[in-house]
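Quick notes on the structure that follows.
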Amino acid sequence: MCNNQRLTWAGLVVLLVLVNASCTVPRLVARTENKRVPGSYYGSQDTTNTARTKWRDYFTDPNLIALVDTALYNNQDLNITLQDIQIANNEVLARGGAYRPFVTVGGGTGVEKVSRYTSQGAADAYTEIKPGKPTPDVLPNTYIGAFASWEVDIWHKLRNAKKAAIASYASSVEGKNFLVTNLVADIANSYYELMALDNQLDIVQRNITILNNALSITKQEKEAAKVTELAVRRFEAEVFKTQSLQYELKQKIVEAENRINFLVGRYPQRVPRSSQTFSDSTSMPARIYAGVPQQLLENRPDVRQAEWNLQAAKLDVSVARAEFYPSLRLSASLGVMAFSPLYLASTPESLIASLVGDLVGPVINKNAIQATYRSANAKQIQAVYNYERTVLNAYIEVANQLSNIDNLEKKYSTKSNQVQALTQSTSISLKLFTSARADYMEVLLTQRDVLESRIELIDTRMQQMHALVNTYRALGGGWN
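Mapping to numbering that gives the first Met the number 0: the sequence shown position 197 is 196, numbers consecutive.
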């Protein structure tokens with residue numbers, strides 16, 4: 000067997016050993032996500048879904064719409080997230096260029112002095128660089144050329160890396176949508192809370208007027224010796240107590256306004272609002288239609304974000320697995336080189352060219368590759384659990400809010416009847432008191448009860464509005 004054949008067979012053996020050793024991939028247990036959800040909410044099969052309604056159409060208050068518009072432009076958290084999207088987009092561009100050839104053009108110049116007692120130095124000593132001109136000991140060198148390198152993406156490692164970057168980019172976009180959804184809901188909830196506080200403050204101030212009138216009557220009754228000084232002092236204490244309550248409400252109003260100003264991205268200022276329409280049904284958001292749970296997978300930005308993260312994690316596993324396989328790298332160059340720039344144009348004598356192919360793969364000490372692969376698989380399993388948790392949380396949020404809407408509607412109706420009954424008892428107690436048929440404590444307790452019930456009624460109306468907003472958010476509305 001000739002030497003060339005022996006070298007060929009040796010090369011094939013080495014290649015087989017390389018491929019066999021590098022292609023040994025650890026067997027790991029993967030996990031598949033569960034996308035099944037219940038068929039309905041409380042038995043309803045209506046597919047009409049409020050989440051598909053744009054927030055401009057869902058909210059009807061022009062002041063609230065103006066606040067959301069400003070927040071979508073100024074909110075700092077949202078603007079930070081937009082830069083995260085740009086960063087993710089740049090990563091896609093970087094990964095996309097990784098599996099294309101890299102070509103550079105350049106040149107250089109320098110000098111070299113080699114030892115006479117080397118193979119190159121000994122050869123130069125007996126070589127003429129030009130006919131009749133010996134090779135100098137100090138040899139200058141100038142070159143200009145193009146250089147290319149390319150990793151052939153045999154196992155789609157680089158392409159999968161780009162797909163993973165695209166999935167991460169899509170995840171960042173959905174993260175932005177989820178932030179917008181929460182931002183819109185937070186502004187709406189704070190706006191309705193501010194309107195409720197305005198109405199509660201108005202009720203407290205009107206109650207102070209009523210208590211002052213009752214105090215005047217009590218003083219007259221004292222002069223007529225119908226009541227004692229104790230009754231006068233108790234009424235005065237109730238007036239002071241109610242007056243202190245209004246300052247507490249004023250502080251809450253300031254904090255609610257500044258919470259909105261922070262979300263809108265501006266310094267403290269008065270928030271325009273139409274609080275006088277708070278108790279009207281026209282000021283409430285539109286009616287909620289929940290649709291079916293399967294629509295959560297399409298409408299909720301956080302669910303779609305978790306799904307994109309899961310897809311990116313799966314692709315990362317493929318990229319990590321490809322590291323076990325041999326990689327083929329090609330490099331080439333083409334240019335001119337001479338000891339003097341004057342000879343660069345003397346072709347083909349000054350022409351240089353090369354084409355090299357390398358097939359390399361891991362054989363010994365693959366601990367780092369195995370660790371990366373196992374970590375990628377573990378992250379993929381984490382992404383599956385995170386996706387399932389996000390879907391479960393979305394369903395429970397909607398179910399809770401739908402139940403909350405129903406119970407709050409019943410609570411508001413009952414609370415309205417309570418307020419109506421207590422309001423009527425107020426005038427009755429005053430009449431009985433002036434006719435000496437009721438004790439002053441009955442008047443005080445009645446006034447206190449009617450104040451508390453009216454404040455609770457306003458609070459219940461606010462909870463109703465919050466429930467509608469939170470259900471809209473839970474269904475996945477508010478980002479479009």
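Built from N, CA and C at the ideal position, the CB exists for glycine as well. Computed from a predicted model, the values in this text were never measured in an experiment.
Kindly indicate which residue of 367, 305 and 340 has the alpha-carbon position closest to the one of residue 381.
Translated into the one-based positions of the sequence shown, residue 381 becomes position 382. Nearest C-alpha to residue 381 among 367, 305 and 340: 305.
Can you find the residues in the same chain that come closer than 8 Å, C-beta to C-beta, to residue 342, ignoring five residues on each side of it along the sequence? What you label residue 342 is simply residue 343 of the sequence shown in a count that begins at 1. Taken in chain order, the residues that qualify are 348 and 349.
Just the C-alpha distance for residue 421 and residue 224, rounded to the nearest angstrom, thanks. The residue labelled residue 421 in the question sits at position 422 within the sequence shown. The residue labelled residue 224 in the question sits at position 225 within the sequence shown. Rounded to the nearest whole angstrom, the CA to CA distance from residue 421 to residue 224 is 29 Å.
Which of the three DSSP states is assigned to residue 344 in this structure?
On the sequence shown, residue 344 is found 345 positions in, with the first residue counted as 1. The answer is coil: DSSP assigns residue 344 none of H, G, I, E or B.
Tell me whether residue 20 sits in a helix, a strand or coil according to DSSP, three-state version.
-> As a working note, residue 20 is residue 21 in the sequence shown. Residue placement at residue 20 is flagged as unreliable, the pLDDT there being 47, under the threshold of 50; a coordinate-derived value is accordingly withheld.
Where do the N-terminal and C-terminal ends of the beta strand (DSSP E) with residue 83 fall, by residue? Sequence index remark: in the sequence shown, residue 83 carries index 84 (1-based). Per DSSP, residue 83 lies in no beta strand (DSSP E); the unbroken alpha helix (DSSP H) holding it starts and ends at 75 to 97.
Next on the checklist: Strictly by DSSP, which residues pair up with residue 40?
Outcome noted: Numbered from its first residue, the sequence shown carries residue 40 at position 41. For residue 40, which the question treats as bridged, DSSP gives the partners 43.
**Message:** With the cut-off set at 7 Å, would you say residue 284 and residue 474 are in Cβ contact?
**Reply:** Counted from its first residue, the sequence shown places residue 284 at position 285. Counted from its first residue, the sequence shown places residue 474 at position 475. No, Cβ-Cβ distance for residue 284 and residue 474 is not below 7 Å.
Checklist line | Same chain, Cβ closer than 7 Å to residue 288, neighbours up to 5 away in sequence not counted | finding: Translated into the one-based positions of the sequence shown, residue 288 becomes position 289. So the list reads 45, 47, 48 and 49, once near-sequence residues are dropped.
**Request:** Assuming residue 358 contacts residue 329 (C-beta within less than 8 Å), just tell me the rounded distance between them.
**Result:** Residue 358 sits at position 359 when you count from the first residue of the sequence shown. Residue 329 sits at position 330 when you count from the first residue of the sequence shown. Contact between residue 358 and residue 329 does not hold, since their C-beta atoms are separated by about 10 Å, which reaches or exceeds 8 Å.
- Considering only C-alpha positions, which residue in the set 127, 134, 401 and 99 is nearest to residue 112? What you label residue 112 is simply residue 113 of the sequence shown in a count that begins at 1. Out of 127, 134, 401 and 99, 134 has the C-alpha closest to the C-alpha of residue 112.
Give the single residue among 244, 96, 91 and 361 whose Cα lies nearest to the Cα of residue 204.
Within the sequence shown, numbered from 1, the residue matching residue 204 stands at position 205. Ranking the options by Cα distance to residue 204, first place goes to 244.
task = Can you say whether residue 483 is buried or exposed, counting buried as having 16 or more other CB atoms within 10 angstroms of its CB?
result = With the chain running from 0 to 479 in the structure shown, residue 483 is simply not present.
- Alpha-carbon to alpha-carbon, residue 456 and residue 413: On the sequence shown, residue 413 is found 414 positions in, with the first residue counted as 1. On the sequence shown, residue 456 is found 457 positions in, with the first residue counted as 1. Taking the straight line from one Cα to the other gives about 9 Å.
I want to check one thing, is the minimum distance from the CB of residue 245 to the heavy atoms of the ligand PLP below 6 Å?
Absence of the ligand PLP from the depicted structure is noted, as is the absence of any ligand whatsoever, leaving it without description.
| query | Does the Cβ of residue 60 have 16 or more other Cβ atoms within 10 Å, making it buried, or fewer, making it exposed? | reply | As a position in the sequence shown, residue 60 is number 61, starting the count at 1. If you draw a 10 Å sphere on the C-beta of residue 60, you find 16 or more other C-beta atoms in it, and that means buried.
Touching by the beta-carbon criterion (3+ pairs, under 8 Å), the region 174 to 193 and the region 227 to 236:
Because the criterion of three Cβ pairs below 8 Å is not met, the region 174 to 193 and the region 227 to 236 do not touch.
Q: Would you list, in sequence order, the uninterrupted beta strand (DSSP E) runs of no fewer than 3 residues that lie entirely inside the region 288 to 349?
A: Inside the region 288 to 349, DSSP marks whole beta strand (DSSP E) runs of 3 or more residues at positions 326 to 337, from first to last along the chain.
In whole angstroms, give me the CA-to-CA distance for residue 99 and residue 93. Residue numbering aside, residue 99 sits at position 100 when the sequence shown is read from its first letter. Residue numbering aside, residue 93 sits at position 94 when the sequence shown is read from its first letter. If you take the alpha carbons of residue 99 and residue 93, they lie about 11 Å apart.
- Query: On the premise that residue 71 lies in contact with residue 77, defined as a C-beta separation below 8 Å, what is that separation, rounded to the nearest angstrom?
  - Reply: Counting from 1 along the sequence shown, the entry for residue 77 is found at position 78. Counting from 1 along the sequence shown, the entry for residue 71 is found at position 72. Rounded, the Cβ-Cβ distance is 7 Å, consistent with contact.
| field | Counterpart residues of residue 218 in DSSP-defined beta bridges | value | Here residue 218 refers to the residue found at position 219 of the sequence shown. Paired residues: none, contrary to the question.
Exercise for review: Could you tell me the distance, in whole angstroms, from the CA atom of residue 409 to the CA atom of residue 401?
Suggested key: Along the sequence shown, read from residue 1 onward, the residue named residue 409 stands at position 410. Along the sequence shown, read from residue 1 onward, the residue named residue 401 stands at position 402. Approximately 13 Å, taken between the alpha carbons.
- Three-state secondary structure (DSSP) of residue 383: The residue you call residue 383 lines up with position 384 of the sequence shown. DSSP places residue 383 in helix when its eight states are reduced to three.
Would you be able to state if there are at least three C-beta pairs under 8 Å between the region 122 to 141 and the region 159 to 166?
Remark: fewer than three beta-carbon pairs, one from each stretch, lie closer than 8 Å, so the region 159 to 166 and the region 122 to 141 are not flagged as touching.
Can you give the beta carbon distance from residue 266 to residue 37, rounded, assuming they're within the 8 Å contact cut?
-> Taking the sequence shown and counting its residues from 1, one reaches residue 266 at position 267. Taking the sequence shown and counting its residues from 1, one reaches residue 37 at position 38. No, residue 266 and residue 37 are not in contact; Cβ-Cβ is about 47 Å, not under 8 Å.
Between residue 332 and residue 353, is the Cβ-Cβ spacing less than 7 Å?
Position 333 of the sequence shown, counting from 1, holds the residue named residue 332. Position 354 of the sequence shown, counting from 1, holds the residue named residue 353. A contact, by the Cβ cut-off of 7 Å.
Worksheet item: Which word fits residue 186, buried or exposed, when buried means at least 16 other C-beta atoms lie within 10 angstroms of its C-beta?
Response: Position 187 of the sequence shown, counted from the first residue, corresponds to residue 186. With 16 or more other Cβ atoms inside 10 Å of its own Cβ, residue 186 counts as buried.
Item to check | residue 141: first and last residue of the uninterrupted beta strand (DSSP E) it sits in | outcome: Here residue 141 refers to the residue found at position 142 of the sequence shown. Counting along the chain, the beta strand (DSSP E) containing residue 141 begins and ends at 137 to 151.
For residue 34, three-class secondary structure by DSSP:
On the sequence shown, residue 34 is found 35 positions in, with the first residue counted as 1. Three-state DSSP puts residue 34 in coil, outside helix and strand.
Unbroken alpha helix (DSSP H) runs of length 4 or more, entirely within the region 222 to 265: which are they?
Here the runs fully enclosed are 228 to 263.
Exercise. Taking the Cβ atom as the reference point for each residue, do residue 189 and residue 259 lie within a distance shorter than 7 Å?
Worked result: Position 190 of the sequence shown, counting from 1, holds the residue named residue 189. Position 260 of the sequence shown, counting from 1, holds the residue named residue 259. Closer than 7 Å, so yes.
task = Could you have a look at residue 48 and say whether DSSP puts it in helix, strand or coil?
result = Position 49 of the sequence shown, counted from the first residue, corresponds to residue 48. DSSP, read as helix, strand or coil, puts residue 48 in strand.
Notebook entry, point to check: By a C-beta neighbour count over all protein chains shown, 10 Å radius and 16 as the cutoff for buried, is residue 30 buried or exposed?
Noted result: Within the sequence shown, numbered from 1, the residue matching residue 30 stands at position 31. Under a 10 Å Cβ-count criterion, residue 30 is classified as exposed, with fewer than 16 other Cβ atoms of the shown protein chains found around its own Cβ.
Item to complete: Just tell me which of 321, 465 and 146 has its CA closest to the CA of residue 102.
Response: Taking the sequence shown and counting its residues from 1, the one referred to as residue 102 is at position 103. Minimum Cα-Cα distance from residue 102 among the listed residues 321, 465 and 146 corresponds to 146.
Exercise for the section: Taking 7 Å as the cut-off, decide whether the C-beta atoms of residue 256 and residue 270 are in contact. Expected result: Reading the sequence shown from its first residue, position 257 is the one you call residue 256. Reading the sequence shown from its first residue, position 271 is the one you call residue 270. Remark: C-beta atoms of residue 256 and residue 270 approach each other more closely than 7 Å.
*asked:* Taking its Cβ as the centre, do 16 or more other Cβ atoms sit within 10 Å of residue 58, making it buried, or is it exposed?
replied: Residue numbering aside, residue 58 sits at position 59 when the sequence shown is read from its first letter. Flag for residue 58 reads buried.
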